[in-house]
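If you read the protein sequences in the order shown, they are chains H and W. In case it helps, numbering that gives the first Met the number 0 puts the first sequence at residues 0 to 136. In case it helps, numbering that gives the first Met the number 0 puts the second sequence at residues 0 to 156. Backbone N, C-alpha and C fix where the C-beta goes; we use that ideal spot for every residue, glycine too. Model, not experiment: these values are computed from the prediction.
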Amino acid sequence: MTVVETILVYVVAPLAVVAVLALLTLVPGRRKKPRWKPGQAWEHEPVWYEPHPAAGGGHGPTAAHGPAGVPGDGTTALGSSMYPEQHGERNTGQPGAPTAPHGAGVADGGHGARGSHAISAAALTAARPLGGARGTW
Amino acid sequence: MTRVLEGTSHDTATSAGTMATRADEAEAPDTIFSYRELLRIDEALTMSSRETGLRFTLYIGDLGPQTRARAEELFERSGHSGHDLPESVLIAVSPGQRVVEVVTGAAAARRLPDRACALAVLSMTNAFASGDLVGGIVNGLRQLSDQAGHPRGLRTH
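Have a look at this one:
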């Protein structure tokens, strides 16, 4: 074995293997945004998540009765959380229903807070007493 | 299905000339979680709500100095139109303050006693402490819905 061969086998080949492994490990692991860690400040807007409204009992797209309904369209999209809620969506497909203002989740806003007053005091007292639990970490 | 809370009205562009008509579109909700994580949250919320007949909602954001009072106030706003408020369950997570609050309505509290909520909160805080927000939420929802069980007469399929 010449000197060149020795160097190729014992130095270059291991280095190449290490480099390939390092690339495979580092490249897909790059996250675009840093993950939140406990102790960091949380500077996102408050956000609500709601369940999808119950389907009408069958499979496939159902009549628009929930937030996924697009005005002028009679169906809801499956997996509709991908679509942001539009204004007045709640009212589609329910011409006779009272227009429940669904700014209910919009807190502290001048306009949005009006939804909270739509819930009657009777409904609030029916929900009491509230239970639950609290935890810190 | 996600709604971003904001302090200002979001349908006018009064002050600045060409502002976006909806402020929540510029700051899309998916800046917090990836789509995969959103999907997990969405499925957990939807399936636990369908299986139990309760209405689980999730709030992630600041809860102010009085976290319990703020969570209960949010709970009272969370109903569709108020009629399903007793059967609602709110999970309010404030990662900045490291607080999680679970609020149950009166009817929900019969099926989800405070003890069960505390157990779910314990498992949630375990996951949160290691930085796994989504995993903790999904597991907590699973525990809560397992505890609540199926109501009689509810057909899920």
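May I ask you to report which of helix, strand or coil DSSP gives Ile6 (chain H)? helix
Contact list for Ala108 (chain W) against chain H, beta-carbon separation under 7 Å: Gly130
Here's the rule: buried if 16 or more other CB atoms are within 10 angstroms of the residue's CB, otherwise exposed. What is Gln142 (chain W)? buried
Take Arg69 (chain W) and list the residues in its own chain whose beta-carbon comes closer than 6 Å to its own, dropping the five residues that flank it on each side. Leu62, Gly63
Which chain H residues sit within Cβ distance under 8 Å of Pro64 (chain W)? Ordered by position in chain H, no residue passes the 8 Å Cβ test against Pro64 (chain W), which lies about 14 Å from the chain.
Under the three-state DSSP convention, the category Glu49 (chain H) falls into: coil
Contact set between Gly95 (chain W) and chain H, taken where Cβ atoms lie within less than 7 Å: Ala40, Trp41
DSSP three-state label for Val16 (chain H), please. helix
Minimum Cβ-Cβ distance from Asp41 (chain W) to chain H less than 9 Å: yes
So with CB distances below 8 Å, who are the chain H contacts of Gly130 (chain W)? Result: Arg34, Trp35, Lys36, Pro37.
For the region 133–145 of chain W, which residues have a beta carbon sitting closer than 8 Å to at least one beta carbon of chain H? none
Is the shortest distance between the beta-carbon of Leu25 (chain H) and the beta-carbons of chain W less than 9 Å? no
List, in chain order, every chain H residue whose beta-carbon is nearer than 8 Å to that of Glu50 (chain W). For Glu50 (chain W), there are no neighbours in chain H by C-beta distance under 8 Å, as the nearest C-beta there is about 11 Å away.
Proximal residues to Thr51 (chain W) (C-beta, below 6 Å), its chain only, five neighbours per side dropped: Ser144, Ala147
If you reduce the DSSP assignment to three classes, tell me which class Ala40 (chain H) lands in. In the structure shown, Ala40 (chain H) sits in coil (DSSP, three-state: anything other than H, G, I, E or B).
Reference Leu57 (chain W); option with closest CA among W:His149, W:Val137, W:Pro150, W:Arg151: W:Val137
So, with DSSP's three-state summary, where would you put Ile40 (chain W)? helix
Between W:Thr103, W:Asp83, W:Gln96, which has its C-alpha nearest Leu89 (chain W)'s C-alpha? W:Thr103
Under 9 Å, Cβ to Cβ, is there at least one residue of chain H near Gly78 (chain W)? yes
Out of W:Ile31, W:Leu37, W:Glu36, W:Arg35, state which residue places its alpha-carbon closest to the alpha-carbon of Trp35 (chain H). The residue with the shortest Cα to Cα distance from Trp35 (chain H) is W:Ile31.
If you draw a straight line from the C-alpha of Val3 (chain H) to the C-alpha of Val16 (chain H), how long is it? 18 Å
Take the Cβ of Pro85 (chain W) as the centre, count every other Cβ of all protein chains shown within 10 Å, and call the residue buried at 16 or more, exposed below. Buried, since its Cβ has 16 or more Cβ neighbours within 10 Å.
When we look at the beta-carbon of Ser77 (chain W) and count the other beta-carbons within 10 Å, is it buried (16 or more) or exposed? buried
Express the C-alpha separation of Gln65 (chain W) and Glu42 (chain W) in angstroms, rounding to a whole number. Approximately 30 Å between the Cα atoms of the pair.
Extent of the continuous alpha helix (DSSP H) run through Ile136 (chain W): 132–147
Determine the direct distance from the alpha carbon of Gly60 (chain W) to that of Ser93 (chain W), and round the result to whole angstroms. 5 Å
Return helix, strand or coil for Phe55 (chain W), following the three-state DSSP convention. strand
Exposed or buried, what is Asp48 (chain W) when buried is set at 16 or more other beta-carbons lying within 10 Å of its beta-carbon? Correcting the residue identity first, residue 48 (chain W) is Ser in this sequence and not Asp. The residue is buried, with at least 16 neighbouring Cβ atoms inside 10 Å.
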